[in-house]
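Residue numbers (our numbering): 6 to 533.
Note that beta-carbon positions come from the ideal geometry of N, C-alpha and C, so glycine has one too.
Predicted model only: the values in this text are computed from it and were never measured.
Everything on this sheet refers to the single structure shown next.
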Amino acid sequence: MDNFIYLEPDEEIPSVVKKIKKSQEQSFGLVVPRGSITFQSAINLKLLKKQAELLKKEIAVITADPVGQHLAAQAGLVVFESMKSQEPLAVRQQPDTASSKLTERPEPHAAIERSADGVTVRHFQTETIEPERHYEPPQRSNMTATHMRPRRLWLLIPALLMIAAIYLFVVPRATIMVDVLGEPFQRELTLKAATVSSSSNEPVIAATFQEDSAALSKTFKTTGQKDVGQKAKSTITFFNAWSSDPQSLAAGTKLTKDGQAFRLLQGITIPGASVTLAAGQAQTNPGQLKGDIEAEASGESGNVAAGRFIIPSIEVVKQSKIYAESSAKLSGGSSKFIGVVSADDIKNAKTSLQTDLKNQLKDELVKKVAGQIILDQAVSLATSDEQVSKKEGDEASEFSLSMKGDLKAIAFTETEFRKTFLAALASEIGPDKEVTFGANDEIVTTVDDADFDNGKLTIKGSLKSQIAPKLDQSALKNELRFKSLAAAEDILRAQRQVSNVSITLWPAHALKRIPLLPTNITFEIQHK
């Protein structure tokens, strides 16, 4: 026999039947350890044989347990002592006194006999074989059912005790809810990510190098303005009352009035002043000359009222003697604004298009490397072939800009980063504590440095959470098994920073103790 199914000591009939159903083989052996629960009951073995027949499976039992061998044979199953055995064991069955003669045969140890058809049969016996002594079967008595009931009852007692033991010790389950107090915890760690493996012992996050390129064009509105209105112009009179010497003014000489600036259109020379005597009094007569002026800026603000104009380029002491006057309000000044391309328009357009191009290429890379993350600081964009449809100062309401971009990026998986971060964190806080992640807790990541030529990143991870003592659940389960509820609560409350304990048993009417089997104990840890 080459096919085997191995059973556990505490494995029950439903589990064994399930394994038989799952097996693809039609013939196999059940390897049973000593003390198996299932093979301590003849009823269980008969049920097992019946299920195998319904599934059309041929099974044999392989066990070194004498009790299991005997009960399996009584149930009609083929029994082998070990997986190396070539012949099955023949365990003596109880004779039927109602249909055959009684045979008294002492059982020799491992005696071997041959049946009529030449098949070797090995008997599991303990004494040497003596010649068979045949007895005449006793006459059937008229024993009533009343006399048989006590014997049947005694046969049921072991089965009932077994069922009770299973119900008390195997079936019960316990769910233990433990509240553990945490304390605020904050840590920032610096980790390395690289596209190539490192020979150092420092933990490095495995990363991949990605790149892509694209061209993009976009139209932008202009915000610059230019006044193309008319400038105020006029012919005014210039006066020289300072001296008898002429006063020359070059073209472009600045004049001011009412906060507005004007320029002399052509150069002039104002004649010198003259002195006359009238009624015994000397009188100065300023030299006069007309000249054309124009406002520096276009617009209605240049239409100033009649009055005196100051010439700032002349010394202050002379400004009251050398000046100009208009006899009427200036006219001709008007305003008209048009849109033009400004330097800021071009600068802002380039920044905007670079951002759009960077985001577009990054989104395409994220789709390409599904399952990995690319941080904003882990990308580098180089642009070229920039073309602007208008120059600075051109009259326009909009203009277009196009450029080509080449993006480099370093990507890594969030799982790998989290694993490396938590491993580094665990080495700091020690094995007796753990970080308790809340619903809103997250690891905030930033790129401290990116070396795209060598495929390396320096990443800072920052965590705000809580830290709490780590409960050794395996040790606690072994310590709590079959303890009373009160004793179990005392043990749990003695653990560090445990604030509350709640124990739920199933079935509810089970023995008020923690289950005997550690596998039937479940912990639910809540951090406060």
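Coarse secondary structure for residue i, derived from DSSP in three states
i	result
Leu462	strand
Asn290	strand
Thr68	coil
Ile379	coil
Met88	coil
Leu476	coil
Ile10	strand
Asp217	strand
Ser489	strand
Leu107	Residue placement at Leu107 cannot be trusted, given a pLDDT of 34 that sits under 50; the coordinates are not used to answer.
Leu260	strand
Gln144	With a pLDDT of 44 at Gln144, under the threshold of 50, the predicted position of this residue should be treated as unreliable, though the coordinate-derived value follows. Three-state DSSP puts Gln144 in coil, outside helix and strand.
Ile434	helix
Residue j beta carbon less than 9 Å from that of residue i
i	j	result
Lys482	Phe426	no
Asp70	Gly40	yes
Lys461	Thr200	yes
Glu391	Lys352	no
Lys259	Ile316	yes
Gly338	Gln230	no
Val371	Gln377	yes
Ser248	Gly272	no
Val62	Phe44	The identity of residue 62 in the sequence shown is Lys, whereas the question assumes Val. Not in contact: Lys62 and Phe44 (Cβ atoms no closer than 9 Å).
Ala311	Ser325	no
Leu490	Leu510	yes
Phe404	Thr274	no
Chain-order list of residues whose beta-carbon lies under 6 Å from that of residue i (same chain, five-residue window excluded)
i	result
Tyr11	Val36
Pro14	Pro38, Gly40, Ser41
Glu400	Ile343, Val345
Member of the options whose CA lies at the smallest distance from the CA of residue i
i	options	result
Lys54	Pro38, Val84, Val72, Gln29	Val84
Trp266	Lys226, Ser318, Glu188, Ser222	What sits at residue 266 in the sequence shown is Ala, not Trp. For Ala266, the nearest C-alpha among the options comes from Ser318.
Lys363	Asp411, Gln293, Thr524, Ile519	Asp411
Gly466	Asn505, Lys424, Gly234	Lys424
Thr228	Asn459, Ser347, Gly34	Ser347
Leu76	Ile241, Ser432, Ile42	Ile42
Thr451	Ser90, Leu196, Ile25	Leu196
Glu216	Val322, Asn308, Lys367, Gly296	Lys367
Ser432	Val21, Thr463, Glu207	Glu207
Ser407	Thr388, Val309, Ala375, Ile379	Thr388
Gln235	Ala300, Gly257, Asn49, Ser205	Ala300
Asn308	Ala329, Gly285, Glu320, Leu335	Leu335
CB-CB length for residue i against residue j, believed under 8 Å
i	j	result
Ala416	Thr213	5 Å
Met182	Gln500	Contact flag wrong, Cβ pair sits at about 14 Å.
Ala179	Pro520	5 Å
Leu82	Ile64	7 Å
Asp232	Ser340	6 Å
Leu254	Leu270	11 Å between Cβ atoms; not a contact.
Pro251	Gly292	7 Å
Leu386	Gln359	6 Å
Same chain only: Cβ atoms within 8 Å of residue i, ignoring 5 sequence neighbours per side
i	result
Lys533	Asp184, Val185, Leu186, Gly187, Ser504
Gln288	Val280, Thr281, Leu282
Gly73	Val37, Arg39, Ser41, Phe44, Gln45, Val66
Ser479	Pro523
Lys517	Ser489, Leu490, Leu510
Gln98	Because Gln98 carries a pLDDT of 49, less than 50, the predicted location of this residue cannot be relied on, and the following value inherits that uncertainty. Excluding sequence neighbours, Gln98 sits near Ala78, Gln79.
Ile496	Leu481, Glu484, Leu485, Lys488
Cβ shell of residue i (< 7 Å), same chain only, five flanking positions each side left out
i	result
Leu160	none
Residue-level contact to chain D via CB, residue i, 9 Å cutoff
i	result
Ile319	Note that chain D does not occur in the displayed structure, where there is just one protein chain.
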